[in-house]
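4 protein chains.
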Amino acid sequence: MHKELRAGLIGVTGYTGMELARLLTAHPHMRLNFTASRSEAGKRLGDHYPFLEKLPGADLVIRQPDAKQAAAQCDIVFLAVPHGAAMDFAADLRAEGLAVVDLSADFRLRDVDVFEHWYATTHSQRTLLQEAVYGLPELYGEAIAGAKLVANPGCYPTASILGLYAALKHGFISSEDLVIDAKSGTSGAGRKAAVSTLFCEVHDSFRAYNLVKHRHTPEIEQELSLLAGAPVCLSFNPHLLPIDRGIHATIYAKLKGEPTLDEIHAAHVECWKDAPWVRMLPKDGLPETRQVRGTMFCDIGLALDPRTKRLIICSVIDNLCRGASGQALANANLMCGLPVDCGLVQAPLMP
Amino acid sequence: MHKELRAGLIGVTGYTGMELARLLTAHPHMRLNFTASRSEAGKRLGDHYPFLEKLPGADLVIRQPDAKQAAAQCDIVFLAVPHGAAMDFAADLRAEGLAVVDLSADFRLRDVDVFEHWYATTHSQRTLLQEAVYGLPELYGEAIAGAKLVANPGCYPTASILGLYAALKHGFISSEDLVIDAKSGTSGAGRKAAVSTLFCEVHDSFRAYNLVKHRHTPEIEQELSLLAGAPVCLSFNPHLLPIDRGIHATIYAKLKGEPTLDEIHAAHVECWKDAPWVRMLPKDGLPETRQVRGTMFCDIGLALDPRTKRLIICSVIDNLCRGASGQALANANLMCGLPVDCGLVQAPLMP
Amino acid sequence: MHKELRAGLIGVTGYTGMELARLLTAHPHMRLNFTASRSEAGKRLGDHYPFLEKLPGADLVIRQPDAKQAAAQCDIVFLAVPHGAAMDFAADLRAEGLAVVDLSADFRLRDVDVFEHWYATTHSQRTLLQEAVYGLPELYGEAIAGAKLVANPGCYPTASILGLYAALKHGFISSEDLVIDAKSGTSGAGRKAAVSTLFCEVHDSFRAYNLVKHRHTPEIEQELSLLAGAPVCLSFNPHLLPIDRGIHATIYAKLKGEPTLDEIHAAHVECWKDAPWVRMLPKDGLPETRQVRGTMFCDIGLALDPRTKRLIICSVIDNLCRGASGQALANANLMCGLPVDCGLVQAPLMP
Amino acid sequence: MHKELRAGLIGVTGYTGMELARLLTAHPHMRLNFTASRSEAGKRLGDHYPFLEKLPGADLVIRQPDAKQAAAQCDIVFLAVPHGAAMDFAADLRAEGLAVVDLSADFRLRDVDVFEHWYATTHSQRTLLQEAVYGLPELYGEAIAGAKLVANPGCYPTASILGLYAALKHGFISSEDLVIDAKSGTSGAGRKAAVSTLFCEVHDSFRAYNLVKHRHTPEIEQELSLLAGAPVCLSFNPHLLPIDRGIHATIYAKLKGEPTLDEIHAAHVECWKDAPWVRMLPKDGLPETRQVRGTMFCDIGLALDPRTKRLIICSVIDNLCRGASGQALANANLMCGLPVDCGLVQAPLMP
């Protein structure tokens, strides 16, 4: 029998905080015991999030962020604050001995120079950066289980890395000339008031953004380089979808040799057969974002183009659950000695 | 410790069958053990519903509908087939001694003449109709617990009756002159191929349909008449929303006497304080369909208009979960001696 | 041959300004010759509105609002600024002799006390208020043609008044006990950055707002009272639709006497047969917001409920075109001696 | 002064027929004078399309398709029938001497073997195929003006070819290794009743389809090969967007040499400066599908990735207007001696 673990959440105004609160209502061995927010301190959580009423956590009162208070009331803390703000929070929490899952980008890039270049800011916690583990459970499960600070992956990197993992690992594709055309639901843009994400600016429309300069590029390259055993430089380009949740990464890779689709598909099925959340579609199947809505699943479909000698990989996740808060909870499970999927066996909301 | 109950599902091609399959993946004491469909027999359930892969039930093979087979493999059966087709299925299943929750309208109307008038069809199971219990747990929990055949309420009636219950019960409003202006997500229109529910016919648009003649009218009137102790004749009018799930009933009622909003609101809070799923919004709050998405919640908000002496009640549910399959599962829980909310404590998917 | 009229637009950052710029690109005898905005002054209009590129008006430079400049460059000015701000602008423009169509609410309510009560502000231009004509062309075409200041109607009032006009006029319905359940697309909420109208807060959801206290209530009552020849006090309640454009007003009215649907429908057809934009659906037809998208049409459908003795009127418009900028242009046409529908014969964008 | 031209439309049940009816209401010199449909013959057009009421064309009666009748009543005929069915219709109409714009794929591929391979059908009108002109006005304006049979381009090819035209022409990019990741609104899937395009199957979701085997691939390759002067073999992959209208093609091309973004952008601006409908976004701008909604515009934005030496071209059109019926009307204009943009100067519907 597991004791009940107490979780803290710093940052409650964004969609990732909201999602973590949602997921923790269903966790059998972890409960939300502390929430903090500068702007909402003093409010009851159920008043801030009416959807939580009559569910666990609704009666918590939001506090000012404070490491000592967090330490007194939590076994583990989730940081759902913006990039740049997270690094010092993490240091304070670690100084109190707390286990931390940071949902921001502050500890994702191992090379501090790469971080400072892409994020155009100074990293104030270089030592702590060495300690952080990249929290993609399928790749780093053991290291995460032993970690005290986990850098929760970005949403696009999660979809991209899981999508490319098996094909790269088996050498079916070249690590050069990769193109990732990615599409994300609007919750990925956050919950700040802005004209560009108003309903009437997004609905019934579609557009690219941040072409060739999205900050998830070096994160994807870092992990693929490790996988490929050679520096990977790729083209990553995001688009905004008029949907709430979901990422669809369409990945274009050059074949090495002449593998058949049967071989490639079989290797993928084998690779992921014991993974709780990566689901290979049938050989002629393609994933849909709604099929993973609200879940940890990563659905993968393949197409092989003999004319252009390319493998096309479609990798689909829920950006808020698998791409942020659900993955953070999976990491917390591992860090606390629970099974990785504890409280995270959800069926997608269809339709 | 509860033994694991075996559930059967007859009818898998519609959204209510899909929703029941989804909900049963999370039930701690009941599992899907038998599915049947004329058109899909022979298929693996996971191939029919890819969203179920790596979840309980995916490996079931869909069978032809057959009462004896169902009896051999189930403790309880959910009927998710069209109106008219359900009544004889129910009789066959009852003849085998099975407990049945019928999601169709076939056993909802106690007065067979009213049924035959509104549904323009003959009822072939008049005796069985006497046995059926109307499955609204908040009103008929005890009777449901003792029933072998439960008529699962319609989606609009669920929202309307729960919305009006407390105000009628307390005599704050007249049972005459009620107007229910209801709006439903498109999943309520079913999953049949039809031009009128194509994406491009529904998206970015809104319309009324079936004004003054929707078949849920007599169902609402039946239950409100019982509540009011007098025949209720009301105006019920549905509209189609460009959303997947959700019903919003805006109910216009004439005040009796001069109650204040404070009094009315307090009576509602008191009335529902122990109900697991009915949530009163704060006095100045109004419900949103997304706040109940994927759940059993019925969220209720009030406004009092001193100028026109009306109480306006907004009652919101998820038409597929609370308004169909989730409510069916709640009824099955009661019929099987489980707590009503077993497996049904979900947080809404926000956003 | 008409000379080309020069129009001015004060206020370009909102959806009504945007819509006016769109409509003027297609006007054969009026062109946008002056635009002004405090926040955008100095910008080229095509840079502010990229959708205007390669269309008339793109090369205009946005100016600071200034009545003298406007007078030098315009024959008529559209005011697309917020309530409260419009009244003094209007006075300044009138002082320069300019014809003005005000899209705000500042001159809509004839009774200044009613205005000050509902808008909780002081009216600084009481004299000018006497001069203003309510700009609903079907009702006040002649007065508008002679006016120098037109108060452009609100979007909900336009749909509600046109919807009720024929039935009230013919005495088919009582002017008491009216209920208007109205639903509006999100563009009606304006283009200000706000969390509550972010895509992820509106999409796939539905909710009521401002129940029993929306400021369009007295405007509707004012016009219906004039029509009915007696004070009308009604229940008007708005809801927010996850669509860009469109208002659907569902109007519940008590029948007077026992008219048949045939009679009522025939009277409506006759009433609107020469109106360019009011379209009666067939007797069994109901309107859809998309059928009027981008146009001046008001589509009306009827249902008669013999059980509750009510007439239900569905009245549908595009809130931005018919409910704001298109109607403003129709008023400008009349004020300038052009046919009311000049430049305003558009087919809806379907789908 | 132009005489009024009489247009015929064969096929009225799909979205392209609907769009053509919409566009013709605004044409100053061409009117719909004949419509035909097997399934709808005998119906008044305004009853079939209620959105057309009070607009030109509503009173036409739909006829059975018949070449002689068409010849008696039309100067030019638009064929909006499925692939395979169009070729013989076209032959019959040409035999009557009629000018024909065929919206199907039947006459788009110059090489009949390529057609028969990709469409898996026999071409019954090989001689007529020689006569057909590919109807992309920016490329083939003169030939179209002299043609009697125009093959109206596919929607994806229109966006792709216009997107690549200037960069290929100027030699900035290689014609090898092109990847086109395309996304289309759901109207592109047609108006047939099908479960896969029901609202609840498309809304709030996103997916790829027909990867590596979409039939627009050879059409794009045909035109790019002519442009590049060498056979082009590319990767074209479509996705389904939960929007009504709009195509966004994200095109990945390898740079030749080391052109700067400034050079490439300037060349595009120059290339399209006199084109009525191709709009280059500013150097840091990216197109959005809504900015071309309902119009003939093709909006193009560029990004240059120095890290991967690729040019990324975003090309956006409205699939129904520019990608089908609007382009058909532009072709008809040219064939009839009218300016290409006659009746086609529309502002997009924003929002």
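Residue numbers (the numbering used here), protein chains in the order written: chain A, 20 to 370; chain B, 20 to 370; chain C, 20 to 370; chain D, 20 to 370. C-beta atoms are modelled at their ideal positions from N, C-alpha and C, and glycine is treated no differently.
Span separating the alpha-carbon of residue i from that of residue j
i: G356(C); j: E23(C); result: 12 Å
i: F218(B); j: V100(D); result: 21 Å
i: V133(D); j: N171(C); result: 59 Å
i: I332(B); j: A227(C); result: 10 Å
i: A178(D); j: C340(D); result: 12 Å
i: A392(D); j: E282(A); result: This structure gives no information on residue 392(D), because the portion of chain D shown stretches from 20 to 370.
i: R145(B); j: A139(D); result: 56 Å
i: V231(A); j: T327(A); result: 24 Å
i: P370(B); j: L246(D); result: 47 Å
i: S58(A); j: Q83(A); result: 8 Å
Member of the options whose CA lies at the smallest distance from the CA of residue i
i: A151(A); options: T141(A), G165(A) and Y138(A); result: G165(A)
i: E307(C); options: P261(B), Y271(B), L253(B) and A294(B); result: P261(B)
i: P237(C); options: G173(C), R226(C) and L168(C); result: G173(C)
i: V198(C); options: A77(C), R129(C) and V251(C); result: V251(C)
i: S194(D); options: P156(D), G160(D) and S244(D); result: S244(D)
i: A86(A); options: I29(A), W137(A), T44(A) and A285(A); result: I29(A)
i: V221(B); options: G342(D), C93(D), S206(D) and L64(D); result: S206(D)
i: S123(D); options: A249(D), D360(D) and A347(D); result: A347(D)
i: A90(C); options: A104(C), T54(C) and T35(C); result: T54(C)
i: R329(B); options: E277(B), G304(B), W291(B) and M354(B); result: E277(B)
Residue i: contacting residues in chain C (beta-carbon distance under 7 Å)
i: E72(D); result: R298
i: I331(B); result: L230, V231 and N256
Environment of residue i [buried if 16+ CB atoms lie within 10 Å]
i: A114(A); result: exposed
i: G33(A); result: buried
i: S344(D); result: buried
i: R264(C); result: buried
i: G190(D); result: exposed
i: D223(D); result: buried
i: S203(C); result: buried
i: H136(B); result: exposed
i: E240(D); result: buried
i: T373(A); result: One cannot answer for residue 373(A) here, as it falls past the ends of chain A, which runs 20 to 370.
i: G313(A); result: buried
i: T44(B); result: buried
i: T141(A); result: exposed
Residues that residue i contacts on chain A, provided the C-beta gap is smaller than 8 Å
i: V288(C); result: Within chain A, no residue comes near V288(C); the closest Cβ sits about 33 Å away, beyond 8 Å.
Residues that residue i contacts on chain C, provided the C-beta gap is smaller than 9 Å
i: R210(A); result: V214, L217, C219 and E220
i: D223(A); result: I262 and D263
Which of helix, strand or coil DSSP assigns to residue i
i: N229(D); result: coil
i: I81(C); result: coil
i: A139(C); result: coil
i: T236(D); result: helix
i: E195(A); result: coil
i: I163(C); result: helix
i: T35(A); result: helix
i: E307(B); result: strand
Contacts of residue i in chain B (Cβ-Cβ under 9 Å)
i: S206(A); result: P370
Amino acids of chain A, ordered along the chain, whose beta-carbon sits closer than 9 Å to that of residue i
i: G7(B); result: With chain B covering 20 to 370 only, the question about residue 7(B) has no answer from this structure.
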